[in-house]
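Working notes for the structure below.
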Amino acid sequence: MNGGCQMLRVVFMGTPAFAVPTLEGIAAAGHEIAAVYTRAPRPAGRGMAARKSPVHLIAERQGWPILTPRSLRDGAEQAGFAAHGADVAVVVAYGLILPAPVLAAPRCCCLNLHASALPRWRGAAPIQRAIMAGDAHTAATVMRMDAGLDTGPVCAVAAIAIGADMTAGELTEVMATQGAALMLQALSALQRGALTCTPQPDAGASYAPKIAKAEARLDFALPAAQVHNLVRALAPVPGAWFEMARDGARERIKVLRTALAPGGGAPGTLLDDQLTIACGRGAVRILALQRAGKRPTLAAEFLRGFALRPGSRIAE
0 MNGGCQMLRV VFMGTPAFAV PTLEGIAAAG HEIAAVYTRA PRPAGRGMAA RKSPVHLIAE
60 RQGWPILTPR SLRDGAEQAG FAAHGADVAV VVAYGLILPA PVLAAPRCCC LNLHASALPR
120 WRGAAPIQRA IMAGDAHTAA TVMRMDAGLD TGPVCAVAAI AIGADMTAGE LTEVMATQGA
180 ALMLQALSAL QRGALTCTPQ PDAGASYAPK IAKAEARLDF ALPAAQVHNL VRALAPVPGA
240 WFEMARDGAR ERIKVLRTAL APGGGAPGTL LDDQLTIACG RGAVRILALQ RAGKRPTLAA
300 EFLRGFALRP GSRIAE
């Protein structure tokens, strides 16, 4: 795009609440929302009624055209996308692959907001993987999309610190706000014809696959730091969990917040009356948790309903 400062015609593509601040920011800046693409409503909740995505609900409220294709590989869908006549497509946690004809359709480019310091943690779960790995820093990154998986040139970066006890939910909120501001900066540069993007280096590249169900089970034989990081990475959803023996049965307990604690012993052993559990090295203190079918609760309230004795083995 050469020179000029006219407002941009934007196709927005996103699905979860994480994408909403960027969509709202683009509209507030005066850019034209040509269409909003989001994932189709899915069954959710106890009644399994079809639930619209957060982006869908915002677009509906604003009266923007909404499209929910199951795939963009169909020629008719690709032609429909091109017909929007967009200057740029902005993609934030959309959930569908953009084929080459879609990537090539906007007059300028397709820009993606990715929740990591690329090339580290390319893929679907960058926030969770960064916390699981114990990273102290990450970033919001705007990149120009290409045919690869998060491999496009980087256009803007905002560094973000990961606190030692920060959960994925907390980091997501920070990332959504800072990422929205970063995308607006990139769009402003695009308006001025001043957007520059730098190819990603090969060094330091890593992949962040989706979290598998089996990964959510806590293994107290691991060092306490790894247990703590897994809890943080999966809080508030899907939640790390362990099984506790009680009255001859086993009950699944979801752990929502922990802290590193002094002490040690056989992994899974209760060390005190504050729900401190020994790990393979060190210990973690459970601060918040949730029983199956119950509301989240603090450890002190949980313990009032259980006669747990220090020295007992409560978790595998």
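Going by the numbering used here, the residue at position 157 of the sequence shown is 156; the numbering climbs one at a time, nothing skipped. Built from N, CA and C at the ideal position, the CB exists for glycine as well.
Taking the alpha carbon of residue i as the reference point, which residue from the options has its own alpha carbon closest?
i, options, result
"Gln5", "Arg245, Arg249, Glu31, Ala287", "Glu31"
"Leu274", "Lys293, Leu286, Met165, Ala248", "Leu286"
"Gly162", "Cys154, Ala155, Val156, Val173", "Val173"
"Asp316", "Gly168, Ala92, Ala306", "Past the boundaries of the shown model lies residue 316; the chain is included only from 0 to 315, so the question cannot be answered."
"Ile276", "Tyr36, Ala223, Asp246", "Ala223"
"Val230", "Asp246, Arg245, Ile252, Ala244", "Ile252"
"Ala234", "Ala49, Arg245, Glu169, Asp246", "Glu169"
"Asn111", "Ala232, Arg308, Leu181", "Leu181"
"Phe80", "Tyr36, Gly62, Gly263", "Tyr36"
"Pro20", "Gly84, Ala82, Ala179, Asp86", "Ala179"
"Cys278", "Ala306, Leu302, Cys196, Gln225", "Gln225"
"Val156", "Ala123, Thr195, Gln77", "Thr195"
"Ala232", "Ala85, Thr14, Ala124", "Ala124"
"His136", "Arg121, Ala160, Ala49, Leu302", "Ala160"
Can you tell me whether DSSP reads residue i as helix, strand or coil?
i, result
"Thr166", "coil"
"Met12", "strand"
"Gly2", "Its pLDDT being 48, under 50, Gly2 is placed unreliably in this model, and the value from its coordinates should be taken loosely. Gly2: coil per DSSP, three-state reduction."
"Leu259", "strand"
"Gln289", "strand"
"Ser115", "coil"
"Val54", "helix"
"Ile130", "helix"
"Val91", "strand"
"Arg38", "coil"
"Met174", "helix"
"His136", "strand"
"Ala180", "helix"
"Phe241", "strand"
"Arg69", "coil"
"Arg60", "helix"
"Val101", "helix"
"Ala85", "coil"
"Ala215", "helix"
"Ala18", "helix"
"Arg191", "coil"
"Leu331", "With the chain represented from 0 up to 315, any question about residue 331 goes unanswered, as that position is not in the structure."
"Ala298", "helix"
"Pro222", "strand"
Could you check whether the Cβ of residue i sits closer than 8 Å to any Cβ belonging to chain B?
i, result
"Pro42", "Here there is only one protein chain, and chain B is not present."
If contacts are defined as beta-carbon pairs under 8 Å, then residue i and residue j qualify, I think. What distance do you get, rounded to the angstrom?
i, j, result
"Pro105", "Pro152", "The pair is not a contact, with the Cβ atoms about 16 Å apart (cut-off 8 Å)."
"Ala215", "Arg128", "About 14 Å; that fails the 8 Å criterion."
"Leu7", "Leu186", "6 Å"
"Gln10", "Ala58", "First, the residue type needs correcting, since residue 10 is Val and not Gln in the sequence shown. Incorrect: roughly 12 Å between the Cβ atoms, too far for contact."
"Val90", "Met144", "7 Å"
"Leu66", "Ala99", "With a Cβ gap of about 19 Å, Leu66 and Ala99 do not count as contacting."
"Leu217", "Trp240", "7 Å"
"Arg312", "Ala265", "7 Å"
"Glu242", "Ala291", "Not quite, the Cβ-Cβ distance comes to about 10 Å (not below 8 Å), so this is no contact."
Given this structure, state the Cα-to-Cα distance separating residue i from residue j, to the nearest angstrom.
i, j, result
"Ala16", "Gly310", "43 Å"
"Ala95", "Leu270", "Here residue 95 is Leu; the residue named in the question, Ala, does not match the sequence. Spanning the two alpha carbons is a distance of roughly 47 Å."
"Ala260", "Gly267", "14 Å"
"Thr335", "Arg38", "For the chain, the structure presents residues 0 to 315; residue 335 sits outside this window and is missing."
"Ala314", "Gly74", "53 Å"
"Ala138", "Cys107", "25 Å"
"Pro40", "Ile210", "22 Å"
"Ala213", "Pro64", "39 Å"
"Ala175", "Thr140", "11 Å"
"Ala167", "Arg294", "19 Å"
"Leu102", "Ala27", "25 Å"
"Arg69", "Leu97", "12 Å"
"Asp164", "His227", "8 Å"
"Gln177", "Ala146", "26 Å"
"Gln184", "Gln190", "10 Å"
"Val24", "Met12", "The amino acid at residue 24 is misidentified as Val; the sequence shows Gly. Those two C-alpha atoms are separated by around 14 Å."
"Ile126", "Ala248", "35 Å"
"Gly304", "Thr296", "11 Å"
"Met0", "Ala158", "Because the pLDDT of Met0 is 41, which lies under 50, any placement of that residue in the model is unreliable, and the number read from its coordinates should be weighed accordingly. Each residue's Cα considered, the two are about 27 Å apart."
"Gly238", "Phe219", "16 Å"
"Leu22", "Gly62", "13 Å"
"Asp272", "Asp246", "19 Å"
"Ala394", "Leu307", "Because the chain here runs from 0 to 315, residue 394 falls outside it and cannot be looked at."
"Cys154", "Val236", "31 Å"
"Gly2", "Ala78", "Low per-residue confidence applies at Gly2: pLDDT is 48, beneath 50, and the placement is therefore not dependable enough to give any value."
"Pro82", "Ala299", "The question names Pro, yet the displayed sequence has Ala at residue 82. Distance between the alpha carbons of Ala82 and Ala299 is about 59 Å."
"Gly192", "Gly84", "18 Å"
"Gly29", "Met142", "22 Å"
Could you check whether the Cβ of residue i sits closer than 7 Å to any heavy atom belonging to the ligand SAH?
i, result
"Gly238", "This structure lacks the ligand SAH; in fact it carries no ligand of any kind."
Requested in this report: Decide if the region 203-210 is in contact with the region 112-126; the criterion is three or more beta carbon pairs, one per stretch, under 8 Å apart.
Outcome: With the cut-off at 8 Å, the region 203-210 and the region 112-126 touch.
Query - Contact between the region 250-261 and the region 287-300 (3+ Cβ pairs under 8 Å) - result: Note that the region 250-261 touches the region 287-300; at least 3 beta-carbon pairs, one per stretch, sit closer than 8 Å.
Query - At least 3 beta-carbon pairs within less than 8 Å: the region 128-137 vs the region 50-59 - result: No, because fewer than three Cβ pairs between the region 128-137 and the region 50-59 fall closer than 8 Å, the two stretches do not touch.
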